[in-house]
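The block underneath contains the structure these notes are about, expressed in structure tokens.
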Amino acid sequence: MKLNKILLAFLAIIFLAAFPFLNMSPYITRILILCLLYALLSSSWNILGGYAGLISLGHSSFFGLSAYFVYFLVEYFLFPASIGLFVAAFLSAAICVSLFTPAFKAKLRGPYFILVTILFMDVLRELFTSFREVTGGSFGVTFPYYEFSIEQLQFKQEYFYLYIIVCLYFFFLFLWRRSKRLQLYLKVIRENPDIAESYGVNVVKYIIIAALLSGFFTGIGGSFYMIYFRVIDPATAFGFEMSISLVLMATLGGRGTLVGPLLGAFVLTPISEILRVTLGGTYYGAHCIIYGLLLITSSFFLPGGIYGELNKRLRKK
Amino acid sequence: MIQVLLQALINGLLLGGIYALLSLGLNLIFGVLKTINLAHGAFLMVGMYLCYFLWELFSVDPLMSLPIVVIALFSLGVLIERFIVRPALKISPGQLLVIIVGLSMVIEYTFLVLFSPNYRYVRIPSMVYEIFSLRIPAIRVVALSVSIIASVIFYYIISKTQIGRIIRAVALDRVRAALLGINTDRAYGISYAMGVALCGVTACLLTPIYHIYPLVGGYFIPPAFVVCIFGGLGNFTGGLIAAFMVGVIESIIGLLYNVELARAVTFAIVMALLYFRPTGLMGE
Numbered sequence: 345m346k347l348n349k350i351l352l353a354f355l356a357i358i359f360l361a362a363f364p365f366l367n368m369s370p371y372i373t374r375i376l377i378l379c380l381l382y383a384l385l386s387s388s389w390n391i392l393g394g395y396a397g398l399i400s401l402g403h404s405s406f407f408g409l410s411a412y413f414v415y416f417l418v419e420y421f422l423f424p425a426s427i428g429l430f431v432a433a434f435l436s437a438a439i440c441v442s443l444f445t446p447a448f449k450a451k452l453r454g455p456y457f458i459l460v461t462i463l464f465m466d467v468l469r470e471l472f473t474s475f476r477e478v479t480g481g482s483f484g485v486t487f488p489y490y491e492f493s494i495e496q497l498q499f500k501q502e503y504f505y506l507y508i509i510v511c512l513y514f515f516f517l518f519l520w521r522r523s524k525r526l527q528l529y530l531k532v533i534r535e536n537p538d539i540a541e542s543y544g545v546n547v548v549k550y551i552i553i554a555a556l557l558s559g560f561f562t563g564i565g566g567s568f569y570m571i572y573f574r575v576i577d578p579a580t581a582f583g584f585e586m587s588i589s590l591v592l593m594a595t596l597g598g599r600g601t602l603v604g605p606l607l608g609a610f611v612l613t614p615i616s617e618i619l620r621v622t623l624g625g626t627y628y629g630a631h632c633i634i635y636g637l638l639l640i641t642s643s644f645f646l647p648g649g650i651y652g653e654l655n656k657r658l659r660k661k
Numbered sequence: 210m211i212q213v214l215l216q217a218l219i220n221g222l223l224l225g226g227i228y229a230l231l232s233l234g235l236n237l238i239f240g241v242l243k244t245i246n247l248a249h250g251a252f253l254m255v256g257m258y259l260c261y262f263l264w265e266l267f268s269v270d271p272l273m274s275l276p277i278v279v280i281a282l283f284s285l286g287v288l289i290e291r292f293i294v295r296p297a298l299k300i301s302p303g304q305l306l307v308i309i310v311g312l313s314m315v316i317e318y319t320f321l322v323l324f325s326p327n328y329r330y331v332r333i334p335s336m337v338y339e340i341f342s343l344r345i346p347a348i349r350v351v352a353l354s355v356s357i358i359a360s361v362i363f364y365y366i367i368s369k370t371q372i373g374r375i376i377r378a379v380a381l382d383r384v385r386a387a388l389l390g391i392n393t394d395r396a397y398g399i400s401y402a403m404g405v406a407l408c409g410v411t412a413c414l415l416t417p418i419y420h421i422y423p424l425v426g427g428y429f430i431p432p433a434f435v436v437c438i439f440g441g442l443g444n445f446t447g448g449l450i451a452a453f454m455v456g457v458i459e460s461i462i463g464l465l466y467n468v469e470l471a472r473a474v475t476f477a478i479v480m481a482l483l484y485f486r487p488t489g490l491m492g493e
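Order-wise, the sequence lines are chains A and B. Residue numbers in the first sequence follow this note's numbering, run continuously in steps of one, and reach 661 at the last position. Residue numbers in the second sequence follow this note's numbering, run continuously in steps of one, and reach 493 at the last position.
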């Protein structure tokens, strides 16, 4: 088992090292980057939605906040983007904690919790559209452009971004793999917070940690998005589409598992990209129809997601 | 200044009628099915397109098409309850919300692909009353009065008829209602369909006032949620009062600053309210 993992890691490193020499088209590289970005975002949704059972349908608020924060930090406070990435993520993590912990303490569950998250996203969208002088209104903002700069994380070659997002994802994996106790407690809290508390689990503490991690990695995804695409507007940043994509990827892959969101992201992102390319501008929105259909069918027929189903099949044999 | 504020007040009241109807439907569905109908906006949009095409192809006045749209949406609601909501509730109630979101995405984006995101209008010349130099468009007055009439009819159905009694019983306690021999599945179906039909009424009132595009639900539904929470989820009277309050607040702040800020403020107030009084202002 251990040997397998080392072998896998070795192969991954070789693949990454050989990547610049494979001469892949920038488009393929871009899809790979998007897959990993969505995997990171959806994994961080999964911490709260999958493990802790606090389903947030407005998780793109932290994504968007962080994307705007990194812009403000670089533009107004003259941070280098490489540091701004983490600072912005910390800020959005702090906001995530200050939103979710009181909601959890106030015993907002189910529909009420979901309403809070959706409303928060709507508030942010309206605010960022409203203050045109600072946030550029509904046109959004564009990141300053540098030809080539390591500290600003701007490169001509796409594969540098691939390396960055791989590093960020491994950072997440590293932290998450070490927190077995947190995962266990979150699952207990998901099943029944009151009973968990009566057994001596410090419920609020673990929810705070979960919200912190979730907000932080959603934020990292958001700042990376901003640095990579260099443009963001309120409709993308605080839109329902992004939030739903995160939920869908985790649901399709398997909620409450580590592999699930990764699987979901790698299945869905290429589908949506292919649809976008083949149908393009004439039928914009076709990928959202597929998303919706998948959301319905996977909830009906694959309650455990792809990963859960695979696990069940393998165990039966 | 006072006159401007008065004008905003009147606009707010007229807007409140729209929110009231939407929140009535949401409240009914929440009261019985114990779930937020996140597809409400999609149904509103379907109703508006239906209204638009009736006007465009057969030149039926939006108000005249009200019965057609209501019946169409009622049947749509029955179908969706029967084939999506009911099986979802049986398999996993927790997944229902996500499934409904998926459903609303499918509906909205299908319309987007079919009818393009372009704005469409139903232009009907309408007279404008002027009272003490306050301008009141007749079409909005009609909308307000129709929404009040619709709410009164809705109240009558809920409080006086047999179906209403069944719905209230199921909302109170599903298991006991079933033990008393009530067909709870049918009550679920009827209340869901009634909620959707109320979207149809709203759609007919909105069509001559607002432009029609596939994601129009995203504009009207968040305030409707706000209204529901303000008045307490599942509380009809509270919702009705809150609808007019939210409409007035939104239109006054919108006049003084801008509409986006107005919405942000109302949403933020309601979020804060959720933390401290999840049952709403008028809740017990």
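Ideal Cβ placement from N, Cα and C applies to all residues, glycine included. Bear in mind that the values here come from a model prediction, so they are computed numbers and not experimental data.
contact_flag[the stretch 588 to 600 of chain A, the stretch 393 to 400 of chain A] where n(CB pairs < 8 angstroms) is 3 or more:
Yes, since at least three Cβ pairs between the stretch 588 to 600 of chain A and the stretch 393 to 400 of chain A fall closer than 8 angstroms, the two stretches touch.
Could you have a look at V337/B and say whether DSSP puts it in helix, strand or coil?
DSSP places V337/B in strand when its eight states are reduced to three.
Just the Cα atoms here: how many angstroms apart are I633/A and G390/B?
Each residue's alpha carbon lies about 40 angstroms from the other.
Compute the Euclidean distance between the alpha carbons of G286/B and R469/A, then round it to the nearest angstrom.
Using only the alpha carbons, I get a separation of about 30 angstroms.
With 16 other CB atoms within 10 Å as the buried threshold, where does M403/B fall?
So M403/B counts as buried.
Touch test, the stretch 571 to 580 of chain A against the stretch 481 to 499 of chain A, Cβ-Cβ under 8 angstroms, three pairs minimum
With the cut-off at 8 angstroms, the stretch 571 to 580 of chain A and the stretch 481 to 499 of chain A touch.
For V322/B, which of Y651/A, H631/A, L392/A, G566/A has the nearest alpha-carbon?
Nearest C-alpha to V322/B: H631/A.
Starting from I438/B, find everything on chain A with Cβ-Cβ shorter than 7 angstroms and list it in chain order.
Around I438/B, the beta-carbon contacts reaching into chain A at under 7 angstroms are L459.
Compile a chain-ordered list of the residues in the stretch 394 to 424 of chain B whose CB is closer than 7 angstroms to at least one CB of chain A.
Within the stretch 394 to 424 of chain B, no residue has a Cβ that lies closer than 7 angstroms to any Cβ of chain A.
Would I466/A pass as an interface residue toward chain B - the criterion being a Cβ-Cβ separation below 8 angstroms?
The amino acid occupying residue 466/A in the given sequence is Asp; Ile does not appear at that position. A Cβ of chain B is located within less than 8 angstroms of the beta carbon of D466/A.
When we look at the beta-carbon of E460/B and count the other beta-carbons within 10 Å, is it buried (16 or more) or exposed?
Note on residue identity: the sequence assigns Ser, not Glu, to residue 460/B. By the Cβ-count criterion, S460/B is buried, with 16 or more other Cβ atoms from all chains shown falling within 10 Å of its own Cβ.
Which whole runs of the alpha helix (DSSP H) in the stretch 544 to 601 of chain A are 4 residues long or more, in chain order?
Fully enclosed alpha helix (DSSP H) runs of no fewer than 4 residues occupy 547 to 573, 578 to 581, 584 to 597 of the stretch 544 to 601 of chain A, in order along the chain.
Taking C-beta pairs closer than 9 angstroms, name the residues in chain B that V591/A reaches, listed in chain order.
Here the neighbours are V307, V310.
Which parts of the stretch 243 to 298 of chain B are runs of the alpha helix (DSSP H), unbroken and 4 residues or longer, counting only runs that do not cross its ends?
Within the stretch 243 to 298 of chain B, the complete alpha helix (DSSP H) runs of at least 4 residues are 249 to 267, 275 to 289.
Among F363/A, A356/A, F354/A, I375/A, the one whose alpha carbon lies nearest that of R620/A:
Minimum Cα distance to R620/A is reached at I375/A.
Where Q496/A sits in the DSSP three-state scheme:
Of the three classes helix, strand and coil, the one that applies to Q496/A here is coil, per DSSP.
Just the C-alpha distance for N655/A and D538/A, rounded to the nearest angstrom, thanks.
Cα to Cα, the separation comes out at about 30 angstroms.
Nearest chain B C-beta to C440/A closer than 8 angstroms, yes or no?
Using a Cβ-Cβ cut-off of 8 angstroms, C440/A does not count as an interface residue toward chain B, since no Cβ of chain B sits closer than that to its own.
Pick from Y365/B, G303/B, A396/B, Y428/B that is closest to A378/B, judged by C-alpha positions:
The option with the nearest alpha carbon to A378/B is A396/B.
I need the boundaries of the alpha helix (DSSP H) containing I618/A, first residue and last residue.
Element bounds for I618/A: 603 to 623.
Residues that Y428/B contacts on chain A, provided the C-beta gap is smaller than 9 angstroms
One finds nothing in chain A with a Cβ atom closer than 9 angstroms to the Cβ of Y428/B; even the nearest lies about 11 angstroms away.
Within 10 angstroms of its Cβ, does F492/A collect 16 or more other Cβ (buried), or is it exposed?
F492/A should be labelled exposed.
Measure the C-alpha to C-alpha separation of L237/B and L224/B and round it to an integer number of angstroms.
Computed Cα separation, rounded: 20 angstroms.
Assuming A581/A contacts F475/A under a Cβ cut-off of 8 angstroms, what Cβ separation, rounded to an integer in Å, is found between them?
About 14 angstroms separates the beta carbons of A581/A and F475/A, which is beyond the 8 angstroms limit, so they are not a contact pair.
With a cut-off of 8 angstroms, do at least 3 Cβ pairs link the stretch 267 to 280 of chain B to the stretch 468 to 483 of chain B?
With the cut-off at 8 angstroms, the stretch 267 to 280 of chain B and the stretch 468 to 483 of chain B do not touch.
Whose Cβ in chain B lies nearer than 9 angstroms to the Cβ of T595/A?
Within 9 angstroms Cβ-Cβ: Q304, V307.
What residue range does the alpha helix (DSSP H) around L343/B cover?
L343/B -> not in any alpha helix (DSSP H); beta strand (DSSP E) instead, spanning 343 to 346.
Inter-residue Cα distance where the pair is V310/B and L623/A
The straight-line gap from Cα to Cα measures roughly 24 angstroms.
Cβ-based burial, G544/A [other Cβ within 10 Å; buried from 16]:
Taking a 10 Å sphere around the C-beta of G544/A, we find fewer than 16 other C-beta atoms and assign the residue as exposed.
Buried or exposed, going by whether 16 or more other CB atoms sit within 10 Å of the CB of Q304/B?
Buried is the label assigned to Q304/B, since at least 16 other Cβ atoms lie within 10 Å of its Cβ.
Whole-angstrom distance between I376/B and A387/B, CA atom to CA atom:
Distance between the alpha carbons of A387/B and I376/B: 12 angstroms.
Do L590/A and F389/A come within 8 angstroms of each other at the CB atom, strictly closer than that value?
The sequence shown places Trp at residue 389/A, not Phe. Cβ distance < 8 angstroms, so W389/A and L590/A count as in contact.
Decide yes or no for the touch test of the stretch 421 to 432 of chain B against the stretch 252 to 265 of chain B: beta carbon pairs closer than 8 angstroms, at least 3 of them.
Touching, yes.
So if DSSP puts V384/B in a beta bridge, which residue, or which two residues, is it bridged to?
According to DSSP, V384/B bridges with nothing at all.
Closest Cα partner of M586/A within the set I571/A, G566/A, S642/A, K531/A:
For M586/A, the nearest C-alpha among the options comes from G566/A.
Short check: CB of Y426/B to CB of C437/B, under 8 angstroms?
Note that residue 426/B is Gly in the sequence shown, not Tyr. Going by C-beta atoms, G426/B is not nearer than 8 angstroms to C437/B.
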